[in-house]
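Numbering (full-length UniProt numbering), first residue to last: 1 to 196.
Glycine included, every Cβ here is placed at the ideal spot set by N, Cα and C.
Predicted model, so just to flag it, every value in this text is computed and none were measured.
In what follows, a structure is listed as structure tokens, so that the remarks can point back to it.
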């Protein structure tokens with residue numbers, strides 16, 4: 001029991017460091033087959049199904065993700081966080097929450113800039129600086145990632161998936177998918193399909 005409490009305190013320390021911006025994750029993993037992505041997909045799946053006891057699995061997944069980030073050194077420490085940087089991170093977080101909660105719907109630049117409390121023109125520059133993507137590019141990337149999850153874990157048709165993740169045009173969905181994944185959705189499903 002003492003060993004479990006000690007481990008929990010270690011986890012809390014790392015989580016607190018992230019919350020206090022002592023540790024900043026420097027990049028996301030790009031390979032879908034990485035240990036990091038597998039843990040993320042497991043987290044998505046658990047959150048989608050919410051079976052009895054899912055909260056413990058979510059906590060375990062978050063600890064696993066934190067461990068992978070730390071083990072691979074995919075973070076930078078920054079003791080020079082300014083209040084302005086902290087505010088910018090909070091603004092970005094609000095925008096990302098809008099995208100996460102509304103990605104299947106039509107999302108306008110005005111909605112995203114309003115979530116950040118900025119004009120659309122300034123918001124585009126801000127978002128590009130923070131994510132190295134335009135807001136629309138990031139939104140499409142996020143939608144493709146959600147489509148990947150469905151392609152791997154459901155029998156839903158590609159057309160239904162494309163409309164379900166917010167693309168209004170199947171050919172645009174396929175073009176966007178190829179841009180981010182290098183292959184078509186059909187080929188992606190064929191190469192990776194494994195229903196849960």
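- Distances from the alpha-carbon of residue 140 to those of 176, 113, 114 put 176 closest.
- DSSP places residue 38 inside the alpha helix (DSSP H), whose first and last residues are 35-49.
- When C-beta atoms of the stretch 60-72 are compared with those of the stretch 122-132, fewer than three pairs fall below 8 Å, so the two segments do not count as touching.
- Residue 174 and residue 94 have their C-alpha atoms roughly 29 Å apart.
- A straight line joining the alpha-carbon of residue 160 with that of residue 64 spans about 32 Å.
- By the 16-neighbour rule on beta-carbons within 10 angstroms, residue 122 is exposed.
- Assignment of residue 183 by DSSP, reduced to helix, strand and coil, places it in the coil class.
- Closest in alpha carbon position to residue 113, among 153, 168, 91, is 91.
- Residue burial is scored here from C-beta neighbours: residue 166 has at least 16 other C-beta atoms within 10 angstroms and is therefore classed as buried.
- No residue range can be given for residue 165, since it is assigned to no alpha helix (DSSP H) and is classified by DSSP as neither H nor E.
- For residue 131, the uninterrupted alpha helix (DSSP H) run begins and ends at 120-131, by DSSP.
- For residue 137, the enclosing alpha helix (DSSP H) stretches over residues 135-153.
- The C-beta distance from residue 186 to residue 158 rounds to 6 Å, short enough to meet the 8 Å contact threshold.
- Nearest in C-alpha terms to residue 164, of all of 142, 182, 49, is 142.
- Ranked by how close their Cα comes to the Cα of residue 106, the residues 117, 86, 136 have 136 in first place.
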